[in-house]
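Residue numbers (the working numbering): 1 to 482.
Below: one structure, written as structure tokens.
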Amino acid sequence: DTALVWFRRDLRSSDHAALFHALKAARKVWCVFVFDTAILDPLPRADRRVEFIRDSLQGLDEALRRWQAHGGLIVRHGLAVDELPQLADRLRVQAVYANHDDEPDALARDARVRGALADLGVSLHTSKDHVVFERQEVLTGSGSPYSVFTPYKNAWLKKVEPFYVSAYPIEKFADSLAPLPEGVEAGVPSLPQIGFEPTNLHEMKLGVGETGAQAMLADFLPRMDRYDTTRDFPAVKGPSYLSTHLRFGTVSIRQLAREAASRMHHGSRGAAVWLSELIWRDFYHQVLHHHPHVVGASFKPEYDAIKWEHGKHADALFAAWCEGRTGYPLVDAAMAQINQTGYMHNRLRMVVASFLVKDLGIDWRWGERYFAEKLIDYDLAANNGGWQWAASTGCDAQPYFRIFNPVSQSEKFDSEGKFIRRYLPQLAKLSDKAIHAPWLARPIELAEASVRLGDNYPEPIVMHDEARAKTLERYAVVKAKS
Ligand code: FAD
1 DTALVWFRRD LRSSDHAALF HALKAARKVW CVFVFDTAIL DPLPRADRRV
51 EFIRDSLQGL DEALRRWQAH GGLIVRHGLA VDELPQLADR LRVQAVYANH
101 DDEPDALARD ARVRGALADL GVSLHTSKDH VVFERQEVLT GSGSPYSVFT
151 PYKNAWLKKV EPFYVSAYPI EKFADSLAPL PEGVEAGVPS LPQIGFEPTN
201 LHEMKLGVGE TGAQAMLADF LPRMDRYDTT RDFPAVKGPS YLSTHLRFGT
251 VSIRQLAREA ASRMHHGSRG AAVWLSELIW RDFYHQVLHH HPHVVGASFK
301 PEYDAIKWEH GKHADALFAA WCEGRTGYPL VDAAMAQINQ TGYMHNRLRM
351 VVASFLVKDL GIDWRWGERY FAEKLIDYDL AANNGGWQWA ASTGCDAQPY
401 FRIFNPVSQS EKFDSEGKFI RRYLPQLAKL SDKAIHAPWL ARPIELAEAS
451 VRLGDNYPEP IVMHDEARAK TLERYAVVKA KS
């Protein structure tokens, strides 16, 4: 009874399902992470996520060594399908334990690894860890998956009990962590050793690893009660900024759900709204599990009939959006935020997604891909869900005729232009009124603020009212079909 725990998107040593099951089942347990070249090779050489993972692994290695001084994390660099069987063979383990990853590519990889391990007589055991409820756990009365959020959330809340959110007590079984046999080394390679360069990750106040996540949680807990009133304003420190830690499992979803639920039961409105966001996360994960066609296609197939802009014109509009040159300050400031930091506030994700699809007429998949490249917290299920929500093509999406006005969104959610000024210093001297739509300002005001439209800040690339009318026409094919 020996086992290997394979870490993937669960880079922590506490409250970890696979680690717990392995420690409980086996007398000798080792731990491994594979820098999978199938994932890494296509990435740009400077990628904040790779750095986040690498630095978080260091904390994991240290935590494992605290329990077993001659142990630690084994780190391999290669294809998972080669590395896992090799190591399992070398260590002569009977079983490999890992946590579920329901992304289609991960499922395909796991099936290959499972097959290769089976050839050696080694079994692969996987468990739920990344979400509170997964797969078939929350279904409608008739046994089908939910496609509308509110009833899903109600069923989720009805089902959740302390059992589902209690922590796996790793400490109790940690003495099953075994010393490494001779010739097998633990320790985390440097970024250059895996072919990557450093980024500006450490300027992000994000923290890495479990200790980074716990520090961010401690910072958020006193703010959680106000989350409902602060979360929509990008210049305010309203949200938790825990998304990257959730993505890579440097924090346990069970710990977060527990914190939120207990505050909610004490009457905190902020905690109830925050818990709802965690439930959205589960919701989109189960959407992806039940409807993998959402990768690349609309959840609602009739929306695939929409004709998006194409050709050189579309390419130019898309480039302006990516580079924050649309002439709409809130959109451009938001794109500067994602480009400079790898993060974007949730309200702004909705605004820029709507702008790309419904003001510029660009296919939502282009925006989805751009976010997938840039976001440190990029998560296929949540990103796809967010884009299809904004494009109205998704499961429980906003109706297609609801089109955000980028100027009124700006006036409402960044009324004093604080966020805009932070990212677009060339507009800093405009008044709180003019900053949302500089092209409407009087020439004298622009001159006094040293704003030269078409020179140090662009003219708007589309007029919202015209774009809106065009979008309603574009989406009319859907109405005709449904
Ligand atoms: P908080 O407001 O503190 O929320 C707590 C946690 O709840 C988040 O960390 C996240 O895990 C989860 N959450 C919150 N909102 C959502 C949501 N709408 N859907 C699913 N989970 C949610 N989130 C990602 O984690 N990765 C993505 O790639 C991603 N892409 C998005 C793309 C678009 C177009 C949109 C509209 C939203 C996207 N979101 C994504 C959801 C949301 O914007 C981020 O989770 C949130 O902004 C992260 O900041 P936070 O941790 O401070 O969130």
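Virtual Cβ for every residue (Gly too), placed ideally from N, Cα, C.
Under 8 Å by Cβ, that's how I've got H125 and G249 pegged, so tell me the actual separation to the nearest angstrom. The beta-carbon separation of H125 and G249, rounded to 17 Å, does not stay under the 8 Å limit for a contact.
Q.
Looking at ligand 1, does it come within less than 7 Å of P399, judged from the CB to the closest heavy atom?
A. Using a cutoff of 7 Å, the CB of P399 does not count as near ligand 1, since none of the ligand's heavy atoms is closer than that.
| Quick one: is the Cβ of G386 within less than 7 Å of any heavy atom of ligand 1? | Yes, since a heavy atom of ligand 1 falls inside the 7 Å radius drawn around the Cβ of G386.
* Asked: Based on the DSSP output, what are the partners of G78 in its beta bridges?
  -> Under DSSP, G78 takes part in a beta bridge, and its partners are D36.
_Rounded C-alpha distance that separates M344 from L375_ = Straight-line Cα distance between these residues: approximately 8 Å.
Problem - Outcome for K412 when other beta-carbon atoms lying within 10 angstroms are tallied against a minimum of 16 - result: Of the other Cβ atoms in all chains shown, fewer than 16 fall within 10 Å of the Cβ of K412; this residue is therefore exposed.
Quiz item: Secondary structure at F371, three-state DSSP: helix, strand or coil?
Solution: Reduced to three states, the DSSP call for F371 is helix.
_Y303: CB within 7 Å of a non-hydrogen atom of ligand 1_ = No.
query: Within the present structure, is the beta-carbon of F371 separated from the nearest heavy atom of ligand 1 by less than 7 Å?
result: Result yes, Cβ under 7 Å from ligand 1.
Continuous alpha helix (DSSP H) stretch holding S408: start and end: According to the DSSP assignment, S408 belongs to the alpha helix (DSSP H) that extends over 406 to 413.
field: Outcome for L360 when other beta-carbon atoms lying within 10 angstroms are tallied against a minimum of 16
entry: Here L360 is buried, its C-beta having at least 16 other C-beta atoms within 10 Å.
Does the separation of the CB atoms of R135 and Q286 fall below 8 Å?
Contact flag set, yes.
For this session: Could you tell me whether the segment 182 to 196 touches the segment 60 to 73, where touching means 3 or more Cβ pairs closer than 8 Å?
Result: Contact between the segment 182 to 196 and the segment 60 to 73 is present: three or more C-beta pairs spanning the two stretches fall below 8 Å.
Looking at S298 and Q388, is the spacing between their C-beta atoms short of 8 Å?
In this structure, S298 lies closer than 8 Å to Q388 by Cβ.
| Pairwise C-alpha distance: T326 and K429 | Each residue's Cα considered, the two are about 19 Å apart.
Close beta carbons around H16, own chain, < 7 Å, minus the five adjacent residues each side: For H16, same chain residues with a beta-carbon under 7 Å away, outside a window of 5 residues either side, are D10, D129, Y168, I170 in chain order.
Where F7 falls: helix, strand or coil (DSSP): F7 falls in the strand class under three-state DSSP.
Under 8 Å, do V122 and V96 count as touching if we go by C-beta distance?
Cβ distance < 8 Å, so V122 and V96 count as in contact.
>> Pop quiz: W280 and F149 are said to be a contact at Cβ under 8 Å. What is the actual Cβ separation, rounded to whole angstroms?
In response: About 7 Å separates the beta carbon of W280 from that of F149, a gap short enough to meet the 8 Å contact definition.
Does the beta-carbon of S276 have 16 or more other beta-carbons within 10 angstroms, so that it is buried, or is it exposed?
Buried, because 16 or more other Cβ atoms sit within 10 Å of the Cβ of S276.
Open item on the list: Restricting to runs no shorter than 4 residues, where is the alpha helix (DSSP H) found entirely within the segment 324 to 397?
Closed with: Listed in chain order, the complete alpha helix (DSSP H) runs (minimum 4 residues) inside the segment 324 to 397 are 329 to 341, 346 to 354, 364 to 374, 380 to 390.
Can you tell me the Cβ-Cβ gap for E197 and R90, rounded? I've got them flagged as a contact below 8 Å.
Between E197 and R90 a beta carbon distance of about 31 Å is seen, past the 8 Å cut, so the two are scored as non-contacting.
Beta-carbon within less than 8 Å of P85's beta-carbon, same chain only, minus the 5 sequence neighbours each way: which residues are those? Correct list, in chain order: V113, A116, L117, D119, L120, V122.
As a quick exercise: from H266, L157, A178, H310, pick the residue whose alpha carbon is nearest that of D1. D1 has its Cα closest to that of A178, out of H266, L157, A178, H310.
*DSSP bridge partner residues for T126 (one or two, in chain order)*: Note: T126 sits in a beta bridge opposite A98.
Note to self: Could you compute how far the alpha carbon of H21 sits from the alpha carbon of A80?
What the structure shows: C-alpha separation (whole angstroms): 21 Å.
- prompt: Over what stretch of residues does the alpha helix (DSSP H) that includes S56 continue unbroken?
  reply: Counting along the chain, S56 sits inside the alpha helix (DSSP H) bounded by residues 48 to 67.
- prompt: For D55, which residues from the same chain have a beta carbon less than 6 Å from its beta carbon, with the 5 sequence-adjacent residues on both sides left out?
  reply: Around D55: V208.
Could you check what DSSP says for T250 in three-state terms: helix, strand or coil? Three-state result, T250: coil.
How far does the alpha helix (DSSP H) with V113 in it reach, from first residue to last? Run containing V113: 104 to 119, per the alpha helix (DSSP H) assignment.
Rank S147, A314, K24 by C-alpha distance to the C-alpha of K172 and give the top, closest one. By alpha-carbon distance to K172, the top candidate from S147, A314, K24 is K24.
*asked:* Taking 8 Å as the threshold (C-beta atoms), are K418 and A235 in contact?
replied: The answer is yes: Cβ separation under 8 Å.
- Nearest-angstrom Cα distance between A447 and W439? Approximately 12 Å, taken between the alpha carbons.
| query | Out of curiosity, what's the CA-to-CA distance linking N99 and D455? | reply | N99 and D455 have their alpha carbons spaced roughly 52 Å apart.
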